[in-house]
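In the numbering used here, the protein residues as written are 172 to 389. Idealized CB from N, CA, C, for every residue including glycine.
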Amino acid sequence: MAVSGLIMVAYLLAHMYGNLKAFAGPDSFNEYAHHLRTMLTPILPREGLLWIIRVVLLAAVIIHAYTAINLWRRNKKAAGYVGAKRYQTKQNKTGIQRSYASFTMRWGGVTIALFIVFHILNLTTNDIHPGGAADTPYGKLHNSFQHFWVLLAYTVAMIAVGFHLWHGFWSALTTLGQNYSAKRRDSFWNSAAIVIAALITIGFLAPPFAIYFFGLGG
């Protein structure tokens, strides 16, 4: 689960870098999108490497979700509260203090899964095209974020991603043996998790907010 999560974090950082190309203008953004589709040609067919990345990412998502569900079920059974009220106070029945991020991991995961479907239909296939269909990657981006409801949907989803990353990244480092602190709030790795989560959340939301509020690329 830790490895699959870190694969997705690496993808998010790369994806965020590409999204920030929007600030360089439509031509730069479209050129970058074209570059992704032609990497390693003619060794690989057009979009060949992109599809390899997609398959690896999909496998990571499936493994991550499957492992998370099994882990949740085992923890629930071990805690002995099957069929009982899960939360009585700010602490769960095992007496472990839960942060808001860890409390929302499950529902945050569901939110993110729904968002991924919407994101693909919106900016990849353009089957959902508020503002009109577009022929270029930047056109899809610009047309979509002219609408407040789209901006709101992406904002909610990215906040969920941020909380998920905060808890998940710290947990991954713990699983991989990199976190030796007994106090999570004092842990260097918890601070690193917060920074990475905030960086990715802000990085993904910067272009949509710039388009909607400041007319980026208009």
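query, result
"Just to confirm the assignment, what range does the alpha helix (DSSP H) spanning K311 have?", "308-315"
"Report the residue from S199, L336, L221 whose alpha carbon sits nearest the alpha carbon of G279.", "L336"
"Compute the distance between the beta-carbons of L242 and M187, then report whether it is under 8 Å.", "no"
"Taking Cβ positions, are P396 and N201 nearer each other than 8 Å?", "Summary: the structure shown does not reach residue 396, with the chain confined to residues 172 through 389, and so no result is reported for it."
"Quick check on the DSSP output: the alpha helix (DSSP H) that includes P197 runs from which residue to which?", "197-209"
"Is F334 buried or exposed, if buried means 16 or more other CB atoms sit within 10 Å of its CB?", "buried"
"Whose C-beta lies closer than 6 Å to the C-beta of A368 among residues of the same chain, with five residues either side of it excluded?", "G333, L336, W337"
"Can you give me the Cβ contacts of L294 inside the same chain, cut-off strictly under 7 Å, excluding the 5 residues immediately before and after it?", "K311, L312, S315"
"Hey, out of P213, D198, V232, whose CA is closest to L183's CA?", "V232"
"What's the call for W222, buried or exposed, on a 16-neighbour Cβ count within 10 Å?", "exposed"
"What does the alpha-carbon distance come out to for the pair L177 and H235?", "10 Å"
"Please state whether DSSP places I214 in a helix, a strand or coil.", "coil"
"Locate the alpha helix (DSSP H) running through L294, then write down its first and last residues.", "That residue, L294, is in no alpha helix (DSSP H); it is neither H nor E in DSSP."
"On the CB-based measure, 16 or more other CB atoms within 10 Å of its CB, does T372 come out buried or exposed?", "buried"
"Name the two residues that bound the continuous alpha helix (DSSP H) containing I178.", "173-190"
"Starting from A363 and walking both ways along the alpha helix (DSSP H), at which residues does that stretch end?", "359-385"
"Can you say whether K248 is buried or exposed, counting buried as having 16 or more other CB atoms within 10 angstroms of its CB?", "exposed"
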